[in-house]
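Here is the structure we will look at.
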Amino acid sequence: MFGNLKHLNKYFRRYKTKLLLGCLFILLSNVANVYIPLNVKEGIDTLSKSGDFNVVLRLVAILLAAAFLSNLFRFFIRQTIIVVSREIEYDLRHDFWSHIQKLPLRFFQNNSTGNIMSHATNDISAVRMFVGPSVMYTIDNGIKFILTLSVMISLSPMLTLYALLPMPLMSFIVYVVMKKMHTKYTRIQEKLSDLTAKAQENFSGIRVIKSYEREDYEISEYKRESGEYLNRKMDQVKLQAFFGPIFMLIAGLSAIIVVLAGGNMIINNTLSVGVIFAFMLYLMDLIWPMISFGWVANMIQQADASMKRLLKIWNEPVEISDENVDARISSIKGDIEFRNVSFRYGENLPWVLKNLNLSIKHGETVAFIGNTGVGKTSLINLIPRLYDVTEGSVFIDGKDVRKIPLGVLRTGIGLVPQENFLFSDTLANNLMYGLDNGNEELVQKVSGIARLSKDVDTFPLGYETILGERGITLSGGQKQRSTLARAIAIDPKILILDDSFSAVDTNTEEEILRQLKEFMIDRTSIIISHRISTVKDSDKIFVLDEGKVVEQGTHDELVAKDGIYADLNTKQLLEKELLEMS
3 MFGNLKHLNK YFRRYKTKLL LGCLFILLSN VANVYIPLNV KEGIDTLSKS GDFNVVLRLV
63 AILLAAAFLS NLFRFFIRQT IIVVSREIEY DLRHDFWSHI QKLPLRFFQN NSTGNIMSHA
123 TNDISAVRMF VGPSVMYTID NGIKFILTLS VMISLSPMLT LYALLPMPLM SFIVYVVMKK
183 MHTKYTRIQE KLSDLTAKAQ ENFSGIRVIK SYEREDYEIS EYKRESGEYL NRKMDQVKLQ
243 AFFGPIFMLI AGLSAIIVVL AGGNMIINNT LSVGVIFAFM LYLMDLIWPM ISFGWVANMI
303 QQADASMKRL LKIWNEPVEI SDENVDARIS SIKGDIEFRN VSFRYGENLP WVLKNLNLSI
363 KHGETVAFIG NTGVGKTSLI NLIPRLYDVT EGSVFIDGKD VRKIPLGVLR TGIGLVPQEN
423 FLFSDTLANN LMYGLDNGNE ELVQKVSGIA RLSKDVDTFP LGYETILGER GITLSGGQKQ
483 RSTLARAIAI DPKILILDDS FSAVDTNTEE EILRQLKEFM IDRTSIIISH RISTVKDSDK
543 IFVLDEGKVV EQGTHDELVA KDGIYADLNT KQLLEKELLE MS
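For the sequence shown, this note's numbering assigns the number 3 to the initial residue and increments by one for each residue that follows.
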């Protein structure tokens with residue numbers, strides 16, 4: 003039933019010394035605790051027989067010592083087992099985060115951010131509750147039952163048998179309820195993921211929500227999702243509420259049976275009054291384990307359901323790794339070749355690139371142009387191995403990119419993507435993100451190349467200004483120039499600009515390209531754009547259509563061909579003339 007929790011065995015082995023020490027403290031605590039009813043029995047029997055009060059005082063002293071030791075060892079239990087649970091929680095988060103960071107982009111496109119966040123927080127916390135309290139109480143209750151029943155049997159086997167008569171009923175109830183609980187917890191965690199995803203999506207898209215005045219709609223949607231979560235949670239709570247009263251009823255039934263059967267034995271002089279008192283104390287001592295058994299069962303079910311969800315992510319393959327790389331490769335220069343490259347995003351999805359062959363020489367500035375959806379971004383994503391080719395190979399400096407260590411490959415490529423992402427941090431830290439050790443001089447240098455310096459002068463704290471989430475405090479053009487500066491800062495051998503000037507005016511674009519021309523001497527530049535003005539000075543221009551290169555050459559050569567590029571050029575010149583006339 004709890005096969006998913008077997009994954010935790012390696013973590014238990016890692017902390018086995020502390021866990022074994024915790025188990026020892028549990029044993030010692032229960033050994034001390036089991037002597038308390040025995041001392042009560044001895045005291046009652048002594049008083050009823052001899053009336054020697056000194057013996058009773060001695061037994062009281064032993065009772066107090068046993069109680070003190072029992073609680074002292076309980077303190078040590080928490081200092082071992084509960085501490086280990088926190089350490090395992092830390093390891094789980096670290097391992098989960100490490101694995102997530104290595105997963106391909108395809109995984110993040112198929113899973114919402116909120117869902118992943120729910121795994122990283124709610125599910126790991128549920129597993130932690132199993133590792134700590136559940137394990138502690140399971141071992142504690144198990145040892146308590148064994149020791150208590152052993153003493154009860156030694157006092158009166160027949161009375162012990164009477165006391166245990168209701169136990170099969172409890173076992174049956176637990177079996178039935180736990181099966182139902184597992185299903186309910188799985189549904190609860192799934193809905194909690196949906197809620198987290200909904201909240202994250204709303205926070206990220208708050209501008210759009212306010213622009214379209216959809217606050218009331220989003221409130222009602224979140225209320226509906228919360229209502230579904232509440233309903234599922236209430237189903238679980240109702241079932242959980244069943245445990246406590248049932249176990250109390252069973253414990254009470256045991257006590258009634260013990261009183262009736264024990265009273266009859268006392269009348270027949272086959273049992274002392276002290277034994278009855280001891281049995282009642284032992285039964286009272288077993289009430290908490292019975293109640294906590296239901297609570298522990300709930301936590302185990304929740305942990306198993308959460309672990310199942312976590313394992314789905316842990317079982318996701320790390321498709322792009324350094325597994326078969328050539329460790330001798332320590333740098334790249336910038337010669338790029340696509341050889342018979344075909345690519346698609348999934349097995350049953352259409353081909354995005356088809357049998358592509360092209361080469362880019364080190365130091366060249368090349369451009370890719372074409373209509374939306376022809377595969378330009380997909381093509382450049384294959385160079386730093388954000389995706390791997392489906393067929394064929396991409397080579398850099400004559401070496402298959404799959405043989406180049408990812409650290410070498412990606413630190414040698416500066417990529418400015420279409421979607422400009424900035425962290426909620428200072429501007430300086432954003433610009434230096436790709437470096438372990440940045441400095442103010444470099445910050446100012448790359449800002450100058452990206453034509454960002456003048457904007458920074460207007461910021462309240464300059465480069466130390468905190469940007470909002472995703473750089474919300476910056477304009478579209480400022481975001482694009484910031485991400486460009488970040489890419490330049492790593493001193494790349496290959497610079498890829500994916501439609502990086504769409505939010506920048508033409509004059510600023512020309513200034514940036516002029517600055518970049520000097521910076522990119524002896525480096526390879528790849529520009530993707532819809533603007534002819536952006537790509538016209540490139541050494542070579544590739545025109546893409548339906549996943550294939552249909553035209554290539556310089557600006558003048560392509561205009562003379564009177565093809566797709568020439569049509570785009572004519573349209574954009576006409577648009578420019580109309581704009582100037584208006």
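Virtual Cβ for every residue (Gly too), placed ideally from N, Cα, C. Remember, it's a predicted structure, so these values are computed and weren't measured experimentally.
Practice task
Go to A329, then tell me how far its beta strand (DSSP E) extends in each direction, as first and last residue.
Solution key: Element bounds for A329: n/a, residue is neither H nor E.
Problem - Nearest candidate by alpha-carbon position, reference H9, set N317, S52, T467, K378 - result: N317
Handout entry: Beta bridge counterpart(s) of Q554 as assigned by DSSP
Key = F544
Exercise for the section: Rounded to whole angstroms, what's the CA-CA distance from V418 to A489? Just pull it up for me. Expected result: 6 angstroms
Problem - Exposure label - I126; buried when at least 16 CB within 10 Å - result: buried
Handout entry: K43 to A257 span [Cα, whole Å]
Key = 17 angstroms
Handout entry: Whole-angstrom distance between M138 and G470, CA atom to CA atom
Key = One C-alpha to the other measures close to 44 angstroms.
Problem - Separation of A165 from A253, as counted between CA atoms - result: Approximately 9 angstroms between the Cα atoms of the pair.
Practice task
From the DSSP output, read off the bridge partner residues of E339.
Solution key: S361, F397
Practice task
Please state if the CB of V33 and the CB of L161 are separated by a distance shorter than 8 angstroms.
Solution key: no
Problem - Cα-Cα separation between I331 and E393, rounded to whole angstroms - result: Each residue's Cα considered, the two are about 24 angstroms apart.
Problem - Touch test, the segment 135 to 155 against the segment 20 to 30, Cβ-Cβ under 8 angstroms, three pairs minimum - result: yes
Problem - Delimiting residues of the beta strand (DSSP E) encompassing V354 - result: Careful: V354 lies outside any beta strand (DSSP E) and carries neither H nor E.
Problem - Option in E349, S504, V343, K225 with minimal Cα separation from I385 - result: V343
Problem - Nearest neighbour of G479, chosen from R88, N439, F281, L424 [CA to CA] - result: L424
Practice task
Starting from the C-beta of K20, find all residues in its chain whose C-beta is less than 6 angstroms away, skip the five residues before and the five after it, and write them out in chain order.
Solution key: T82, V86
Handout entry: Local conformation of G416 per DSSP, three classes
Key = In the structure shown, the three-state DSSP call for G416 is strand.
Problem - Residue from I302, K235, N270, L40 whose Cα sits closest to the Cα of G134 - result: I302
Practice task
Going by DSSP, name the residue or residues bridged to D539.
Solution key: In DSSP, D539 forms no bridge with anything.
Handout entry: Nearest candidate by alpha-carbon position, reference G5, set L23, K310, L171
Key = K310
Problem - Per DSSP, the bridge partner or partners of V368 - result: I528, K542
Exercise for the section: Work out the CA separation of L351 and D2 for me, nearest whole Å. Expected result: Coverage of the chain is limited to positions 3 through 584, which leaves residue 2 absent and any answer about it impossible.
Problem - Cα-Cα separation, D337 to K314 - result: 39 angstroms
Practice task
Report all residues from its chain with a CB closer than 8 angstroms to the CB of I102; omit the five preceding and five following residues, and keep chain order.
Solution key: I118, A122, I315
Handout entry: Touching by the beta-carbon criterion (3+ pairs, under 8 angstroms), the segment 409 to 416 and the segment 488 to 502
Key = yes
Problem - Bounding residues of the alpha helix (DSSP H) (the contiguous stretch that carries D457) - result: 455 to 459
Exercise for the section: Entirely within the segment 145 to 179 and at least 4 residues each: give me those alpha helix (DSSP H) ranges in chain order. Expected result: 159 to 166
Handout entry: D507 versus S535, L518, P494, T526, residue with shortest Cα-Cα distance
Key = S535
Practice task
Tell me where the alpha helix (DSSP H) around I334 begins and ends.
Solution key: Counting along the chain, I334 falls outside any alpha helix (DSSP H), and DSSP gives it neither H nor E.
Problem - From L273, L232, H184, residue whose alpha carbon lies closest to that of D47 - result: The option with the nearest alpha carbon to D47 is L273.
Practice task
Answer with buried or exposed for A562, where buried requires no fewer than 16 other C-beta atoms within 10 angstroms of its C-beta.
Solution key: exposed
Problem - Supposed contact pair S527 and T367 - C-beta distance, whole angstroms, cut 8 angstroms - result: 4 angstroms
Exercise for the section: On the DSSP bridge assignment, give the partners of F423 in chain order. Expected result: Answer is none; F423 lacks a bridge partner.
Handout entry: Element boundaries [alpha helix (DSSP H), containing D47]
Key = 18 to 51
Problem - Distance between beta carbons of T115 and Q238, contact taken as under 8 angstroms - result: Their Cβ separation, rounded to whole angstroms, is 26 angstroms, which puts Q238 and T115 out of contact at 8 angstroms.
Practice task
List the DSSP bridge partners of F345.
Solution key: L355
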